[in-house]
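Chemist: Numbering (the UniProt record's numbering), first residue to last: 1 to 291.
1) Kindly indicate the opening and closing residues of the beta strand (DSSP E) around residue 211.
2) Beta carbon of residue 8, beta carbon of residue 54: below 8 Å?
3) If I'm right that residue 215 touches residue 237 with Cβ under 8 Å, what's the distance once you round it to whole angstroms?
4) Note down the Cα distance separating residue 104 from residue 62, rounded to an integer number of angstroms.
5) Can you give me the C-alpha to C-alpha distance between residue 122 and residue 135, rounded to a whole angstrom?
6) Who does residue 142 pair with in a DSSP beta bridge?
7) Just to confirm the assignment, what range does the alpha helix (DSSP H) spanning residue 62 have?
8) Whole alpha helix (DSSP H) runs in the region 185-262 with 4 or more residues, listed along the chain?
9) With C-beta atoms as the reference, is residue 130 less than 8 Å away from residue 170?
10) Taking the Cβ atom as the reference point for each residue, do residue 14 and residue 225 lie within a distance shorter than 8 Å?
11) Which residue's Cα is closest to the Cα of residue 85: 261, 187 and 118?
12) Note the first and the last residue of the continuous beta strand (DSSP E) segment covering residue 129.
13) Quick check on DSSP: helix, strand or coil for residue 68?
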């Protein structure tokens, strides 16, 4: 199955660090966020990936190339103007080959079982399956109430307190049958959340919610970007560390100089070619960044 990753946003909430680097390519434990993302897809046998880009395309291309060194096939399609979520997918439709496909918001950190979600979609014979995750405060997200069978009943975007009927939110991962995209206009700024999904529901398409309490985080603000690092260090989410674990829960890059008594305890990550002088104490939940 092919996947589309939406990475066209400018990451305005993370400025100024996104002026020169796309949000999805910011370092996460000293490797690009998107590198861990595509390995997550690869672990579920999703190896043909299309990037819908619009901001600093060359940074993705320069790092990943055609994907062959990662065991993947990568295609890049640039938006000449902002097209929103559904518009971005419509823009790459010709690369999907008329087959069922997945869509991912490019700023989520998750351990969702994508294989199980695909099985669910097939079993329900759904036209669209939307990943749903429970949150404590749903007021900043789109709510998706479902019935006992998992069928979506309505879409509520960023509700007020009186509109909250569920704590299940749209987690930004979709499985879509190709014929559904005929509902989307060509070359227009058009969203899944406020456009295609409500329209498809109104027209009688079968839309199901796949509910999972697996780890999920929208890494779109400085606070959540920091939280992503803490959660990785505390092993709340599946993540392949870029360095070897040379001391207990302490990961150290090549060429670094240190003494064992520099460290109080883990978890922590020391980037490559870091020099820690005698007498320095590195505390838990520390990440030294390789620049």
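Beta carbons are placed, not taken as given, at the ideal position from N, Cα and C, and that holds for glycine.
Keep in mind that this is a model prediction, so the values were computed, not measured.
Modeler: Reading from the atomic positions:
1) The sequence position of residue 211 within the chain shown is 211, counting from 1. Counted as a single uninterrupted DSSP element, the beta strand (DSSP E) harbouring residue 211 occupies residues 207-211.
2) As a first step, residue 8 must be located in the chain shown, where it is residue number 8. As a first step, residue 54 must be located in the chain shown, where it is residue number 54. Yes, these two residues count as a Cβ contact at 8 Å.
3) For the purposes of this step, residue 215 is taken as residue 215 along the chain shown, with counting starting at 1. For the purposes of this step, residue 237 is taken as residue 237 along the chain shown, with counting starting at 1. Residue 215 to residue 237, Cβ: 4 Å. Contact.
4) Numbered from 1 along the chain shown, position 104 holds the residue referred to as residue 104. Numbered from 1 along the chain shown, position 62 holds the residue referred to as residue 62. Distance between the alpha carbons of residue 104 and residue 62 is about 21 Å.
5) Stepping through the chain shown from its first residue, residue 122 is reached at position 122. Stepping through the chain shown from its first residue, residue 135 is reached at position 135. Taking the CA atoms as reference points, residue 122 sits about 26 Å from residue 135.
6) One-based indexing of the chain shown puts residue 142 at position 142. Under the DSSP definition of a beta bridge, residue 142 partners with 157.
7) Sequence index remark: in the chain shown, residue 62 carries index 62 (1-based). Here the alpha helix (DSSP H) through residue 62 covers 57-64.
8) Entirely contained in the region 185-262, the alpha helix (DSSP H) runs reaching 4 residues are, in chain order, 197-202 and 222-233.
9) As a working mapping, residue 130 is identified with position 130 in the chain shown. As a working mapping, residue 170 is identified with position 170 in the chain shown. Their beta carbons are under 8 Å apart, which means residue 130 touches residue 170 by this criterion.
10) Along the chain shown, read from residue 1 onward, the residue named residue 14 stands at position 14. Along the chain shown, read from residue 1 onward, the residue named residue 225 stands at position 225. Here residue 14 is near residue 225, since their CB atoms are less than 8 Å apart.
11) Position 85 of the chain shown, counted from the first residue, corresponds to residue 85. Nearest option by C-alpha distance: 187.
12) By one-based count along the chain shown, residue 129 stands at place 129. Run containing residue 129: 128-134, per the beta strand (DSSP E) assignment.
13) By one-based count along the chain shown, residue 68 stands at place 68. Three-state DSSP puts residue 68 in a helix.
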